[in-house]
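Each step along the sequence shown adds one to the number in this note's numbering, with nothing skipped, and position 42 is 195. Notes for the one structure printed next.
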Amino acid sequence: MTHYIAFLKKEIVESIRTYKLFIMLVVFLMFGIMNPLVAKLNPIYY
Numbered sequence: 154m155t156h157y158i159a160f161l162k163k164e165i166v167e168s169i170r171t172y173k174l175f176i177m178l179v180v181f182l183m184f185g186i187m188n189p190l191v192a193k194l195n196p197i198y199y
């Protein structure tokens, strides 16, 4: 179990240093904000 924790810590530190974590957060936040707006602005065809 200690190997798993060490590997996870290494990966998290690497993600923060290369800004991957920040970029993923921004992309998911952008999609989260865009979805309701697009659904509201697009007409619904039945």
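Using N, Cα and C, we set each Cβ at its ideal position, and we do this for glycine too.
Assuming Leu174 and Ser168 make a contact with CB atoms under 8 Å, what is their CB distance in whole Å? Reading the sequence shown from its first residue, position 21 is the one you call residue 174. Reading the sequence shown from its first residue, position 15 is the one you call residue 168. So it is a contact: roughly 4 Å between Cβ atoms.
Along the chain, where does the alpha helix (DSSP H) that runs through Ile165 open and close? Locating residue 165 in the sequence shown gives position 12, counting from the first residue. Thr155 to Arg170 is the extent of the alpha helix (DSSP H) around Ile165.
Under three-state DSSP, which class holds Asn188? Here residue 188 is taken as the residue at index 35 of the sequence shown, counted from 1. It is helical.
Distance between Asn188 and Phe181 (C-alpha atoms, nearest Å): Position 28 of the sequence shown, counted from the first residue, corresponds to residue 181. Position 35 of the sequence shown, counted from the first residue, corresponds to residue 188. Each residue's alpha carbon lies about 11 Å from the other.
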